[in-house]
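In the numbering used here, each residue carries its 1-based index in the sequence shown increased by 9.
Down below is the structure, laid out as structure tokens.
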Amino acid sequence: MKFFLSLCLVAFLSTVSYTQTTGVSISGLIKNKTDKTILPFVNIVLKTEKDSAFVTGTVSNEEGRFTLSNIKSGNYILQFSYTGFELKSQPVLVGSLSSFLDIGTIELQQDSKQLQEVVVSTMQDDV
């Protein structure tokens, strides 16, 4: 009986230590806030909350989904950037209770800046 309890304890502790060393995977889905369409190839950057140091980054896939793997416990800031949309930052607390953190759907707002027109002109030399 003691041997069985010892074996169970060792198995439990090895599982706990394994989950602590592998880190957490953060995932989510990115959509347009206005029309709820999926946004592919959005840039995602994870920074520390303390000093905004770069931790890791990725790009969302064709379906607007992303995953950041092997993230250690701590407080972070997720930044989402996409051409034609406003930069969005979201605080994230990563714990050690689960090896997977789904932050749900992130909605990006279109940037309403109007660019001025560009005029391109050339001059031809007389031959």
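Ideal Cβ placement from N, Cα and C applies to all residues, glycine included.
The beta carbon of V51 sits closer than 6 Å to the beta carbons of I39, S69, F89 and Y91 from its chain, once the five residues preceding and following it are set aside; these are given in chain order.
Taken atom to atom, the span from the alpha-carbon of Q119 to that of T67 is near 21 Å.
In the DSSP assignment, V68 forms a beta bridge with N52. If you draw a straight line from the Cα of G37 to the Cα of S121, it comes to about 25 Å. Around the CB of L96, fewer than 16 other CB atoms lie within 10 Å, so the residue is classed as exposed. A residue is called buried once 16 or more other Cβ atoms fall within 10 Å of its Cβ, and G73 is buried on that count. The Cβ-Cβ distance between I80 and Q99 does not fall below 8 Å. For L77, the enclosing beta strand (DSSP E) has its first and last residue at R74 to I80.
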